[in-house]
Structures are given as structure tokens and as C-alpha cells.
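Step one of this worksheet: look at the structure below.
Numbering (the numbering used here), first residue to last: 231 to 485.
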């Protein structure tokens, strides 16, 4: 497993944002632990969106991204599980220590990520959602793609901005199309998109590279007081919202 250098040595920013969503404790528990999610978006939306953060958790820029995405393109009922506490800054630039932290705190199987996601999906379903997609930032995209590779998974699309550990091997079993928005720091994602074309999903997978911003710009390493980052962030939100709305519309029209 390989992380890009920028993921291992770029610290979180001191950006500011006042979140507009709220935390909710879910009725069901996972591994005897309470499940908490960050929720936002219009409560009458039928479109559910699970969001998985990067390793810095609910950083102000991450919340800004989530809040704006939740109301974009008609809106989504967005649910972002609190999966792990933010990674300590002291681990930056120490790749073995970072990998050990990820293994202990953010491992897909060990930390019951899919079970948590399914509980969050059922909560959205109880609130009226009928279609679901999943988005992740950085490590969160890696987790999202794993969830979208499960048999019987509920998602119509997966992916996200500045995705980590996203390659032909890690997406080979996805059961829905991908939307990948790499920064200048990630590897070329076109081969990844090409590798799933044979699956003939109802909506084609999509990628756009953001060459003017670095890894993590929609999450903990982002600061949207920088006009270039804000412009790229708004565009990323528009692309994601349009894509998730499209897969939902296609699914509904096929019924």
C-alpha cells in the first residue's frame, strides 16, 4: 500500500468554518459501540449520501466541503460517520508511524467500517432516502471504494477528491461507477477509470484532474480563504453533486 508523499508530510491548516450540520447518535450500535454521524442537507431529499473524511476528521475545511455538498444540485441527506479521531500531527513525516495509526484506527475490516456505513445507510433510509452514493476524501475515498466493492452494497456511485490508495487493483471489484477528482499530487487516474469500463455501469465513470491544487484541498489540508482552493473546491462540489444526482435519476428512471 502506497500513500503519496503529500499525504504523509503536509500538515492540516488552521482554516475557519462554522459548521451548519449537526451530530446524531444512531439507534443501532456496531461492535457494541455507539455510532455517531454528522448530518446535513434537506430532510425531504430522497437522495442519501454517505461521506467519509480524511485522516484529520471533521476539520473546518472538511465541514465546509460537506455542508456545501449537502445542499448542492437540489441537495442530499448527507451522513458522515465519526469513524476515528483526527490523526495526531506529530505522526506527519513518519510514514511507518502513520501506517501503524491507520492500521489501528482506520482499517476497513478491523475497525468495522462497512458495518458503520450500513448502519448510517439504514438511518438515511428510515429518513426517507431511496437512493445512495458514497464519497470520501483521501483515505476516506479508499474506504468508500472498499464499501462499494461489497456484495449487495447499496451505492450507485463511489469516489471523491484527492483519493488515496486508488488504483486498478483497489477498484477491481467495485459494483458501481467511480468519480475521481485527483489533485496535482495523485497519480494519473485515467487508467483506473479505463479499468472499470468493461463493467458497463448505467453511468460512465468520470475523472477530472485539478492541477492547481494539492492533496487534501477539500479536507484537512485545505484552506478556502485561498481563492484558488475555493474555486477548485466549488467546482469539485458541483461535479460530485451533478454526478450523484445523475446516477440517482438514472436508477429511478429504470424502475
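Think of the CB as a built atom: it goes at the ideal place given N, C-alpha and C, for glycine as much as any other residue.
Asked, Found
"Please identify the residue among 442, 401, 351 whose C-alpha is closest to the C-alpha of residue 415.", "442"
"Quick one, are the C-beta atoms of residue 379 and residue 404 less than 8 Å apart?", "yes"
"Closest by CA to residue 295, which one among 468, 479, 478?", "468"
"To the nearest angstrom, report how far apart residue 407 and residue 431 are at their CA atoms.", "6 Å"
"Pick helix, strand or coil for residue 475, following the three-state DSSP scheme.", "helix"
"Apply the 10 Å Cβ neighbour rule to residue 409 and answer buried if 16 or more other Cβ atoms are within range, or exposed otherwise.", "buried"
"So, under 8 Å CB-CB, residue 471 and residue 270 are touching, yes? Tell me the CB distance rounded to an integer number of Å.", "Not quite, the Cβ-Cβ distance comes to about 13 Å (not below 8 Å), so this is no contact."
"Of all the options 276, 358, 361, 266, which has the alpha carbon lying nearest to the alpha carbon of residue 315?", "266"
"Whose C-beta lies closer than 6 Å to the C-beta of residue 390 among residues of the same chain, with five residues either side of it excluded?", "365, 366, 367, 371"
"Using the C-alpha atoms, what's the distance from residue 273 back to residue 483?", "22 Å"
"My understanding is that residue 449 touches residue 292, with C-beta atoms under 8 Å, so please give their C-beta distance in whole angstroms.", "5 Å"
"Is the separation between the beta-carbon of residue 474 and that of residue 387 shorter than 8 Å?", "yes"
"Measure the alpha-carbon distance for residue 383 versus residue 439 and round it to whole angstroms.", "27 Å"
"Within 10 angstroms of its Cβ, does residue 320 collect 16 or more other Cβ (buried), or is it exposed?", "exposed"
"At which residue ranges does the segment 249-293 contain complete beta strand (DSSP E) runs of 3 or more residues, listed in the order of the chain?", "252-255, 266-270, 277-282"
"Going straight from the alpha carbon of residue 463 to that of residue 444, what length do you get?", "11 Å"
"Using alpha carbons as the reference points, say which of 268, 455, 275 lies closest to residue 355.", "275"
"Along the alpha helix (DSSP H) that carries residue 446, what are the first and last residues, could you check?", "Per DSSP, residue 446 belongs to no alpha helix (DSSP H) and is neither H nor E."
"Would you mind sorting residue 281 into buried or exposed? The rule is 16 or more other CB atoms within 10 Å of its CB.", "buried"
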